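Each remark here refers to the structure printed beneath this line.
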Amino acid sequence: MQFYVQQALNALQVGSVYALIALGYTMVYGILTMINFAHGDIFMVSTYFAFFFSTALLATAEGLHPVIVFVATLLTAMLGTALLAVVIERLAYKPLRNAPRISAVITALGVGLFLENFMVAFKPVGPAPRFLPALIPAVNFNVAGVFVSTIQIVIIVVSALVMVLLDAIVRRTMVGMAMRAISWDKFTVPLMGVPVDRIISATFALGASIAAVGGTLYGMAYTIDPYMGIRIGWWAFISAVVGGIGNIRGAMLGGFILGFVEIFTPVFLPSTYRDFVAFSLLLVLLIFRPTGILGRPAAQKA
Amino acid sequence: MRTSFWRRWRLPLLLLGAFPLTVLLPRMGVINPYIDLVLKYVGINIILTISLNLVNGYMGEFSVGHAGFMAIGAYVASLLTVWVIPNAAGAWLFPVSLLAGGAVAGVAGLGIAFPSFRTRGDYLAIVTLAFNMIIKSVLENLDVIGGPRGFMGMDKLTTLWWVYVWVIIAVFLARNYVFSAFGRGVLSIREDETASGLVGVNTRQVKVMTFVFSAFLAGIAGGLFAHELQFINPRSFTILKSTDMLVMVYLGGIGSLGGSILGATVFTVVLEGLRTVLQGLGISQEWRLVVAPLLLILLMIYRPQGIMGLREFRFLTPRREPGESPGTRDLSRPGEVGP
Amino acid sequence: MHHPRFLPLLSVLALGSVVLGACGTSAPSTIRIGLNVELTGGIPVVGESSRNAAELAVKEVNDAGGLEVGGQTYMLELVVEDDEDKAESAAAAAQKLATAGVVAMIGPNASRNAIPAAEVAESAGMPMISPWSTNPKTTVDAQTGEPKKYVFRAAFIDDFQGVVAAKFAMDELHTQAPAVLYDVASEYNKGIAEVYRRTLEENGVTVVAFETYTTGDKDFTAQLTKIIAAGADSLFLPNYYSEVPLQVQQAHRLGFTGAVMGSDSWGNLELISLCGADCEGLYFTTHYAADIATPKAQAFIQAYQAAYGKVPDDVAALTYDSFGMLLQAIQAAGSLDREAIREALASITAYEGVTGTMEFRGTGDPIKSAVIIQIREGAFHYFATANP
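This is how it looks when you write it as structure tokens:
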């Protein structure tokens with residue numbers, strides 16, 4: 084029993100990060116019907132923002148309370164990544180808004196590759212994996228035979244909070260309403276006086292800053308390297324599709340489903356089957372229910 | 009009016025004449041082994057680009073996972089030469105291995121053809137990507153062929169002249185396919201699938217044929233690749249490889265075989281040339297891999313139709329009446345295609 | 023619409039520049055030696071150490087006036103290729119070096135890269151010495167099972183190292199319920215994990231958990247939870263320095279209190295800086311220990327430290343020894359012909375290097391002693407020797 088609870092906790096930790104990144108995919112798809120394949124690499128860059136800032140902060144100001152260090156790093160990573168996403172959107176995606184879809188997809192792939200290889204070539208970063216400095220002390224608790232660490236708790240709790248916050252933003256603010264409106268009907272909405280370009284940029288920024296939350300949390304538990312965005316990006320993408328691309332709650336659900344796939348596959352099968360299970364799940368869903376679990380079954384355009 | 013003998017046979021004779029060069033030049037050391045290697049890669053990439061162009065360019069579908077077919081071709085051909093065919097016969101039976109690889113890859117092409125009946129656009133892209141990853145994953149889980157650690161033991165059977173021969177075959181087959189009456193159906197699907205179905209094009213049949221043919225070519229290229237590198241592992245055939253293929257197709261120009269040849273050549277040569285250029289400038293080699301995606305992005309924004317656009321070299325299109333102006337033809341203009 | 027004629031011209035020019043660039047083959051007064059190592063990818067410190075040692079070896083010879091071969095003196099030139107820690111890139115880099123006319127190739131280090139590169143070297147008739155690869159397959163022909171003719175190494179093989187690790191686990195750590203977590207996508211890890219298990223089971227100790235992961239994975243909690251649930255009292259992690267810290271950390275966080283040990287892939291100081299306190303007190307088997315160095319080794323360590331500011335790790339020491347062997351062979355051959363150099367290498371029966379005495383008995387695999395190192399107070403400390 085303990086075994087399954089422990090594994091479930093592991094799955095929650097991993098799934099939270101996938102959910103956060105999946106949100107970025109889903110929001111951009113909802114508003115532009117474009118799959119931003121560079122999103123996984125934007126997540127990767129966010130981890131480096133967190134790395135450089137926290138290293139600098141801890142080097143210059145000793146003895147700061149961990150919560151302050153954590154929150155400061157988080158906010159800086161969010162800000163930096165949001166800016167990066169907006170720059171990418173303006174430079175690479177905006178010119179292609181009216182181009183055929185494949186151009187946008189390929190450009191997104193290109194942006195992702197560019198980010199990866201740039202980080203490898205850029206000297207202060209480089210290809211070697213790195214640990215973030217400890218933002219909060221890692222303390223382990225033994226709760227009835229199940230081991231929980233403070234880092235695990237922080238990841239799960241902060242992710243949940245961010246998701247609730249995002250849900251609130253999307254449902255209750257004007258910006259959120261505009262985002263939802265644009266995803267319903269791209270053509271009429273500008274006629275209503277909604278500044279479409281700005282909302283689109285805001286969507287990218289929001290999706291990216293949430294990915295940055297995922298990045299900071301991820302960095303606290305694992306090592307970071309320039310190529311990590313490939314695999315994580317793909318798994319988060321699958322999460323978004325499984326949950327229902329374009330649907331925010333779907334992205335969250337999908338993230339946790341993939342988290343369970345990641346953790347429970349090695350329990351029953353050799354660990355090399357993970358990718359196979361995840362991608363087969365994607366394929367099956369695409370063939371039988373392309374709009375995902377929570378997506379609205381939409382008519383296929385010819 | 010009869011065309012002169014030379015006009016008609018000019019190109020085939022030229023190609024035939026170049027053949028002995030491809031055998032002798034490397035052997036005599038006139039082309040140093042490094043150039044030989046680069047030329048072989050150019051050839052393999054040309055075949056790959058043509059294969060992808062058939063689906064993405066001519067048919068207007070959205071396959072971004074073609075590396076999966078390449079993987080199948082590579083593995084099947086390699087397994088044959090290492091496990092089945094005795095060593096001495098390896099070089100003679102090389103085309104058999106390649107064809108077998110291509111055939112199995114072609115059958116796998118059915119795997120994408122069927123979903124393409126129902127899905128298009130982004131969704132098909134994701135399906136093809138998932139397919140690519142699943143093939144890679146299956147190969148990783150088959151320990152008997154080495155799993156994630158890869159498979160090796162192939163002799164270096166890929167010579168420059170073999171690559172030359174296969175490139176010519178690929179271009180010839182593709183060109184005939186595209187300019188046939190059947191191939192016209194391919195173009196019509198790109199332009200408007202519903203309309204073409206209404207005028208009597210059997211869209212399902214066309215899709216199946218095109219996907220299978222395209223996968224077959226990718227499989228051949230995979231087999232050639234495997235017998236050049238003498239080692240293959242699933243990691244060579246991920247989305248990164250598929251993305252390379254996409255770059256070459258869009259660089260050269262969709263819907264143009266000449267574009268595919270150009271795109272593949274320019275891409276391969278420039279990437280190799282950059283090694284030397286960067287070394288000369290004292291910049292570290294990692295920046296080489298930054299240039300390619302950057303070029304891709306700029307390409308998609310500023311010249312999405314690629315080098316050739318939708319144009320085709322005259323020598324690749326079917327014969328027209330004598331007296332026509334030389335140069336390229338714009339296939340996007342109505343009435344330009346075919347006799 | 024303009025004719026795209028300039029683009030074909032451009033590609034011809036590009037091709038031309040490549041030709042010219044590649045035509046820069048060696049001036050007859052230098053000996054070109056290829057170095058195929060992991061400069062980028064998952065284990066860049068390994069490649070960096072190797073390159074540092076290679077450059078040091080070359081510099082020492084060149085500063086002394088060059089290498090005298092068959093009556094003529096040559097300067098050494100290093101041709102460096104990055105295998106990106108990817109098997110297919112290692113094979114491609116080996117192809118490149120083979121066609122670039124180097125007399126021999128040193129590297130790759132990681133077995134997953136060395137094995138495919140060795141295939142290429144063997145096929146191209148290019149002598150190759152892998153400094154660090156310990157998996158037996160590197161020097162064995164994949165098709166025939168016979169030893170390769172052109173491939174040699176400076177390190178012992180895992181058939182020996184796996185046994186050393188298993189014996190240590192039984193005799194020193196007194197393990198009754200050993201567990202292993204290894205990378206199934208990498209030849210080295212899988213190979214030595216299997217030797218370890220086989221040795222233990224031959225001695226009546228059952229391995230309770232034999233879990234796998236794939237290179238690049240960062241979360242091992244699923245496998246570690248299984249290992250702990252199986253009641254393991256020791257954990258063998260024959261994995262590379264960039265992954266071990268995560269594995270140890272996660273194991274501790276999940277409440278694992280048993281002994282943890284590793285193999286020579288741990289041998290980089292980078293491991294300690296990444297792992298921190300979690301790795302305190304852990305053991306691993308490896309090739310050499312800096313604190314019991316012979317005078318020859320001392321000289322090397324000092325020279326390396328002077329040049330690079332840090333103590334050389336085992337990769338560096340083994341690379342230095344590889345160069346030593348190669349240069350000795352080139353001189354013995356008296357020519358720069360690859361065949362002759364291969365003959366000379368194959369004729370070496372014993373070589374006294376920085377990493378100890380290497381005895382060759384007809385194959386490219388040396389018989390050497392191993393050492394066990396313990397991590398204490400943030401540094402590597404010699405613990406014991408294991409003789410073959």
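Taken in order, these protein sequences are the chains called A, B and C.
The number in the numbering used here is simply the position in the first sequence, starting from 1, with 83 added.
The number in the numbering used here is simply the position in the second sequence, starting from 1, with 8 added.
The number in the numbering used here is simply the position in the third sequence, starting from 1, with 22 added.
Glycine is no exception: its CB is placed at the ideal position from the N, C-alpha and C atoms.
For clarity, every value in this text was computed on a predicted model and none was experimentally measured.
Under the criterion of beta carbons closer than 8 Å, C/V206 and C/T234 qualify as touching, at roughly 4 Å.
One finds nothing in chain B with a Cβ atom closer than 9 Å to the Cβ of C/D181; even the nearest lies about 17 Å away.
Within the stretch 178-206 of chain A, contact with chain B at the beta-carbon level (separation under 7 Å) is assigned to P178, L179, A182, R184, I185, S186, V188, I189, T190, L192, G193, V194, L196, F197, N200, F201, V203, A204. Taking a C-beta distance under 8 Å as the contact criterion, C/Q183 and C/S111 do not qualify as a contact pair.
Close partners of A/A175 in chain B (Cβ separation under 8 Å): I305, I309. Taking every protein chain shown into account, the CB of B/G25 has fewer than 16 other CB atoms within 10 angstroms, so this residue is exposed. Look at the stretch 241-285 of chain C and you find these whole runs of alpha helix (DSSP H), each 4 residues long or longer: 243-251, 266-275. With the criterion set as a beta carbon lying under 8 Å from some beta carbon of chain A, the members of the stretch 187-220 of chain C are V206, A207, in sequence order. Taking a cut-off of 8 Å on C-beta distances, the stretch 139-156 of chain C does not touch the stretch 80-93 of chain C, as fewer than three cross pairs fall below it. Sequence-ordered contacts of the stretch 206-238 of chain B with chain C read L237, Q238 [C-beta pairs closer than 7 Å].
Counted as a single uninterrupted DSSP element, the beta strand (DSSP E) harbouring A/F230 occupies residues 229-232. Looking from the CA of B/T218, the closest CA among B/A116, B/Q287, B/L286, B/L107 belongs to B/A116. The beta carbon of C/L57 does not come within 8 Å of any beta carbon belonging to chain A, so the residue lies off that interface.
Distance from the CA of A/L369 to the CA of A/G375, rounded to the nearest whole angstrom, comes to 8 Å. Counting only runs that start and end inside the stretch 115-169 of chain B, the alpha helix (DSSP H) elements of at least 4 residues fall at 129-149. Cβ neighbours of C/V162 within its own chain (closer than 8 Å, five residues either side excluded): E168, P169, K170. Using a CB distance below 9 Å, the part of the stretch 334-358 of chain A facing chain C consists of E345, I346, F347, T348, P349, V350, P353, S354, T355, R357, D358, ordered along the chain. The CB of C/K108 comes closer than 7 Å to the CB of R243 in chain B, given here in chain order. The beta carbon of B/K249 sits closer than 6 Å to those of A75, all from its chain and outside the five residues before and after it, given in chain order. Residues of the stretch 351-383 of chain C that bring their beta carbon within less than 7 Å of a beta carbon in chain A are absent altogether. The Cβ atoms of C/L89 and C/I352 lie closer than 8 Å to each other. For the stretch 77-93 of chain B, residues whose beta-carbon sits nearer than 9 Å to a beta-carbon of chain C comprise V90.
Neighbours of A/F362 in chain B, taken as residues whose beta carbon is under 7 Å from its own, are A138, M141, I142, S145 in chain order. Approximately 5 Å separates the beta-carbon atoms of C/E209 and C/N157; this is inside 8 Å, confirming the contact. Neighbours of A/F214 in chain C, taken as residues whose beta carbon is under 8 Å from its own, are P267, L296 in chain order. In this structure, the CA atom of A/L192 is about 8 Å from the CA atom of A/N119. In the three-state DSSP reduction, C/D104 falls in the strand class (E or B). Here the C-alpha atom of A/Y305 lies approximately 43 Å from the C-alpha atom of C/L98. With the rule of 3 Cβ pairs closer than 8 Å, the stretch 238-248 of chain B counts as touching the stretch 102-122 of chain C.
From the beta-carbon of B/G288, no residue of chain A is found nearer than 8 Å; the closest lies around 17 Å away. Within the stretch 184-218 of chain A, the runs of alpha helix (DSSP H) that reach at least 4 residues and sit entirely inside it are, in chain order, 184-204.
Below 8 Å, too few C-beta pairs join the stretch 103-111 of chain B and the stretch 201-214 of chain B to call them touching: fewer than three.
For C/Q165, the nearest CB of chain B lies under 8 Å from its own CB, placing it at the interface with that chain. Of all residues in the stretch 85-105 of chain A, those with a C-beta nearer than 9 Å to a C-beta of chain C are Q85, F86, Q89, Q90, L92, N93, A94, Q96, V97, reading in chain order. From the beta-carbon of B/K164, the residues of chain C found nearer than 7 Å are S145.
Here DSSP, grouped into helix, strand and coil, assigns C/V229 to coil.
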